[in-house]
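Here's the structure we're looking at; comments come further down.
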Amino acid sequence: MFCSAVQGEFGRLKRAERFVLRSSALLQTQKARTCLSEVNLSNKIPNVFRSCLLSCFFLCFSPSLLTSYRYVTVVGKHPRYKIAVFLHICGFGDRVSGPPRFQPLGARALSLTAAQSSAEAPPARADSTFKVTMVPGDGVGPELMTAVKEVFKAGDVPVEFEEFHLSEVQNMASEDKLDQVLTSMKGNRVAIKGKIHTPMEYKGELASYEMRLRRKLDLFANVVHVNSLPGYNTRHNNLDLVIIREQTEGEYSSLEHESVKGVIECLKIITREKSRRIAKFAFDYATKKGRKKVTAVHKANIMKLGDGLFLQSCAEIAELYPKIKYENIIIDNCCMQLVQNPYQFDVLVMPNLYGNIIDNLAAGLVGGAGVVPGESYSAEYAVFETGARHPFAQAVGRNIANPTAMLLSAANMLRHLNLEYHSNMVSEAVKKVIKQGKVRTRDLGGYSTTSDFVRAVVANLRYRPV
1 MFCSAVQGEF GRLKRAERFV LRSSALLQTQ KARTCLSEVN LSNKIPNVFR SCLLSCFFLC
61 FSPSLLTSYR YVTVVGKHPR YKIAVFLHIC GFGDRVSGPP RFQPLGARAL SLTAAQSSAE
121 APPARADSTF KVTMVPGDGV GPELMTAVKE VFKAGDVPVE FEEFHLSEVQ NMASEDKLDQ
181 VLTSMKGNRV AIKGKIHTPM EYKGELASYE MRLRRKLDLF ANVVHVNSLP GYNTRHNNLD
241 LVIIREQTEG EYSSLEHESV KGVIECLKII TREKSRRIAK FAFDYATKKG RKKVTAVHKA
301 NIMKLGDGLF LQSCAEIAEL YPKIKYENII IDNCCMQLVQ NPYQFDVLVM PNLYGNIIDN
361 LAAGLVGGAG VVPGESYSAE YAVFETGARH PFAQAVGRNI ANPTAMLLSA ANMLRHLNLE
421 YHSNMVSEAV KKVIKQGKVR TRDLGGYSTT SDFVRAVVAN LRYRPV
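Residue numbers for the sequence shown follow full-length UniProt numbering, beginning at 1 and rising by one.
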């Protein structure tokens, strides 16, 4: 008796699903906003069994129904239950009254679709602006920041910059100025920064201002997305890989001393806590971005304790993510494979020094240091900068620097601030200029100036004022 009742309810729910799907297609054609379909359950099954039956049906037998609607709410009304299915059509699903009991499995896909649709239309006029800390840095950094400000102004981007000049080579660095920058970054939580160049000569302080900023803010994860630019051909086209680097310890710990005359000892610090943290960050990033594989880069065959601990930590974290493939590769072999066949890599995670080298190598695969954006994250702060950190001092004042990397970093910053429309507007304008091939800086084989490139980007901004 119970089985026949269950089969009857399944048949009834299946018919209801087909009805709702047909109604959905019809309503979408007619530009309708919402649809409500009610399915009345019989009294053949006790209330508890009805709830279990509905839950099992929606979770196991009808994933298509779950992913088709914004909300699926089970409403209890004695002696019958009603299933109210509110369609998410044309972005008006939020108008349905009443809080949902749970979100469907397709909520992530729907939120992405909603974000894309909101990015295609100009946003409403913002009542306030976001404050962002800006540190131009050394070399061509100030020129690149000028390019960012010009593009933001032309696109009416609701961002206000708090600018601080911090430089070790221009005698513009001090503890007070560093504290001001840190206070601003901690208050705004988001910053855009150029390269703060560190002099080669020893001046009595081992830790550079760049390293101090990372440690004070605990910017442990550096992310560089190496992506081929449309319209610019290189040896390897259609590249798409991510390099994640731990940047608070390793060889860059600034722990070195002269034990005896002519003998220098440099300490490489590797800890289990930070190795597991960067490994988890890499796997979380891969999960969020839909990546399939994470590769740990190491030299554990020689540095058996230090890199061995890093490799062991990555393997332990990998066990928690069974859906993501995990591999490891020795750093020297990784460099060769990146040149020969970079398509085999997806997400690479590595200690500090290796990441610095691989960042620059991978940037050369898609056009050089001027086209790859990067960002650094802590648990609370985000700093956006170029992926391959070069001051390009020889180009200062010559108006020849390529602003692509900094503009794409600025676009990523806007996406981090949830300014999706403005982010897409800036990044698409930059990529369109490169794809057209009419305006290219010298590093990309052209003769255009920085100003020419910025003007071309501004001309391609498809901003529609509200």
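Heads up, the beta-carbon is just placed ideally off N, CA and C, and yes, glycines get one too.
*From the DSSP output, in three-state form, read off L241 for me.*
Along the sequence shown, one-based indexing puts residue 241 at 241. Correct three-state label for L241: strand.
*Taking only the alpha-carbon atoms, compute the straight-line gap between R276 and S313 and give it to the nearest angstrom.*
As a first step, residue 276 must be located in the sequence shown, where it is residue number 276. As a first step, residue 313 must be located in the sequence shown, where it is residue number 313. Using only the alpha carbons, I get a separation of about 5 Å.
*Kindly indicate which residue of I329, Y377, K193 has the alpha-carbon position closest to the one of E210.*
One-based indexing of the sequence shown puts residue 210 at position 210. Of the listed residues, the one whose Cα sits closest to E210 is K193.
*asked:* So, at 8 Å on beta carbons, what are the nonlocal neighbours of S378 in its own chain, with the 5 sequence-adjacent residues on each side left out?
replied: Reading the sequence shown from its first residue, position 378 is the one you call residue 378. The answer, listed in chain order, is L217, D218, L219, F220, A221.
*Run through the stretch 255-299 for me and flag every whole alpha helix (DSSP H) of 4 or more residues, listed as ranges in chain order.*
Annotation note: the stretch 255-299 contains the following uninterrupted alpha helix (DSSP H) runs of length 4 or greater, listed N- to C-terminal: 272-289.
*asked:* I'd like the list of long-range same chain contacts for S167, defined as Cβ closer than 8 Å, with 5 residues on each side in sequence excluded.
replied: Locating residue 167 in the sequence shown gives position 167, where the first residue counts as 1. Only G137, D138, A173, I196, H197 meet the Cβ criterion.
*In terms of alpha-carbon separation, which member of G437, R442, K438, R455 lies closest to V426?*
Indexing the sequence shown from 1 puts residue 426 at position 426. If we check each option's Cα against that of V426, R455 comes out closest.
*Name the two residues that bound the continuous alpha helix (DSSP H) containing K432.*
Stepping through the sequence shown from its first residue, residue 432 is reached at position 432. K432 -> alpha helix (DSSP H) spans 420-436.
*Cβ-based neighbour list, T133, same chain, cut-off 6 Å, excluding 5 preceding and 5 following*: Looking up residue 133 in the sequence shown gives position 133. E162, S184, M185, N188, A191, listed in sequence order.
*Best match in S128, H416, D443 for proximity to T234 [C-alpha to C-alpha]*: Here residue 234 is taken as the residue at index 234 of the sequence shown, counted from 1. Considering only alpha carbons, the answer is D443.
*Does DSSP put V72 in a helix, a strand or coil?*
The residue labelled residue 72 in the question sits at position 72 within the sequence shown. Residue placement at V72 cannot be trusted, given a pLDDT of 35 that sits under 50; what the coordinates show is reported in the next sentence. Correct three-state label for V72: strand.
*Taking the runs of the beta strand (DSSP E) that are 3 residues or longer, which of them lie wholly in the stretch 339-366?*
Taking 3 residues as the shortest admissible run, the stretch 339-366 contains the following complete beta strand (DSSP E) segments, listed from N- to C-terminal end: 347-350.
*So, do the stretch 408-416 and the stretch 237-253 have three or more beta carbon pairs nearer to each other than 8 Å?*
Touching, no, given that fewer than three Cβ pairs across the two stretches are closer than 8 Å.
*asked:* Considering only the alpha carbon of each residue, which of R212, Y285, I244 lies closest to S254?
replied: Locating residue 254 in the sequence shown gives position 254, where the first residue counts as 1. Selected option, being the one with the closest Cα: R212.
_Local conformation of M134 per DSSP, three classes_ = In the sequence shown, counting from the first residue as 1, residue 134 sits at position 134. M134 falls in the strand class under three-state DSSP.
_So for F310, helix, strand or coil by DSSP?_
Working through the sequence shown from its first residue, we reach residue 310 at position 310. F310 falls in the helix class under three-state DSSP.
*Would you be able to state if there are at least three C-beta pairs under 8 Å between the stretch 321-330 and the stretch 294-301?*
In the pairwise beta carbon analysis, the stretch 294-301 is classified as touching the stretch 321-330: at least three pairs are separated by under 8 Å.
*Is it buried or exposed for G306, if we count other Cβ within 10 angstroms and need 16 for buried?*
Within the sequence shown, numbered from 1, the residue matching residue 306 stands at position 306. A residue is called buried when at least 16 other Cβ atoms come within 10 angstroms of its Cβ; G306 meets this threshold and is buried.
*Considering only C-alpha positions, which residue in the set V169, M200, H225 is nearest to F384?*
Indexing the sequence shown from 1 puts residue 384 at position 384. It is H225.
*Check the C-beta distance from V151 over to L417 and give it rounded, since I have them as a contact under 8 Å.*
Residue mapping note: residue 151 aligns to position 151 of the sequence shown, counting from 1. Residue mapping note: residue 417 aligns to position 417 of the sequence shown, counting from 1. Contact flag wrong, Cβ pair sits at about 15 Å.
_For I331 and Y354, which I take to be in contact (beta-carbon distance under 8 Å), what is that distance rounded to the nearest angstrom?_
What you label residue 331 is simply residue 331 of the sequence shown in a count that begins at 1. What you label residue 354 is simply residue 354 of the sequence shown in a count that begins at 1. With a Cβ gap of about 5 Å, I331 and Y354 count as contacting.
_Using a Cβ-Cβ cutoff of less than 7 Å, which residues in the same chain neighbour Y232 once the five nearest sequence positions on both sides are dropped?_
Counting from 1 along the sequence shown, the entry for residue 232 is found at position 232. Excluding positions up to five away in sequence, the list reads G367, I434, L444.
*Hey, how far is the Cα of N360 from the Cα of E319?*
For this step, residue 360 is matched to residue 360 along the sequence shown. For this step, residue 319 is matched to residue 319 along the sequence shown. Approximately 30 Å between the Cα atoms of the pair.
*Contact set for E390: own chain, Cβ-Cβ below 7 Å, skip 5 residues either direction*: Within the sequence shown, residue 390 is the residue found at index 390, counting from 1. Here residue 390 is His; the residue named in the question, Glu, does not match the sequence. Answer for H390: K195, A369, listed in chain order.
_Alpha carbon of G446 to alpha carbon of A395, nearest angstrom_ = Taking the first residue of the sequence shown as 1, we reach residue 446 at position 446. Taking the first residue of the sequence shown as 1, we reach residue 395 at position 395. Spanning the two alpha carbons is a distance of roughly 15 Å.
*asked:* If I measure Cβ to Cβ from A388 and keep anything under 7 Å in the same chain, skipping five residues before and after, which residues do I get?
replied: Locating residue 388 in the sequence shown gives position 388, where the first residue counts as 1. The beta carbon of A388 sits closer than 7 Å to the beta carbons of D359, N360, A363, A369, V372 from its chain, once the five residues preceding and following it are set aside; these are given in chain order.
*asked:* In this structure, how does DSSP classify V157 when only helix, strand and coil are distinguished?
replied: In the sequence shown, the residue the question calls residue 157 occupies position 157. DSSP places V157 in coil when its eight states are reduced to three.
*Name the two residues that bound the continuous alpha helix (DSSP H) containing K186.*
In the sequence shown, the residue the question calls residue 186 occupies position 186. It spans 175-188 - the alpha helix (DSSP H) in which K186 sits, taken as one unbroken run.
*Is R442 near the ligand NAP, with its Cβ less than 7 Å from a heavy atom?*
In terms of ligand content, the structure shown is empty, and the ligand NAP therefore cannot be addressed.
*If F310 and I269 are in contact, beta carbons under 8 Å, what's the gap, nearest whole angstrom?*
Locating residue 310 in the sequence shown gives position 310, where the first residue counts as 1. Locating residue 269 in the sequence shown gives position 269, where the first residue counts as 1. Not quite, the Cβ-Cβ distance comes to about 11 Å (not below 8 Å), so this is no contact.
*Proximity to F392 [Cα-Cα], best of F130, V157, T129, E143*: Position 392 of the sequence shown, counted from the start, is the residue given in the question as residue 392. F392 has its Cα closest to that of E143, out of F130, V157, T129, E143.
_Delimiting residues of the alpha helix (DSSP H) encompassing T450_ = Indexing the sequence shown from 1 puts residue 450 at position 450. Here the alpha helix (DSSP H) through T450 covers 450-459.
*Hey, would you say L241 sits closer than 8 Å to P342, going by beta carbons?*
The sequence position of residue 241 within the sequence shown is 241, counting from 1. The sequence position of residue 342 within the sequence shown is 342, counting from 1. A contact, by the Cβ cut-off of 8 Å.
_Opening and closing residue of the alpha helix (DSSP H) in which K325 lies_ = As a first step, residue 325 must be located in the sequence shown, where it is residue number 325. That residue, K325, is in no alpha helix (DSSP H); its beta strand (DSSP E) goes 325-330.
*asked:* For V223 and Y381, what's the separation of their Cα atoms in angstroms?
replied: Looking up residue 223 in the sequence shown gives position 223. Looking up residue 381 in the sequence shown gives position 381. Looking at the two C-alpha atoms, the distance is approximately 14 Å.
*Opposite K193 in the DSSP bridges: which residues?*
The count along the sequence shown starts at 1 and reaches residue 193 at position 193. BP columns for K193 point to V135.
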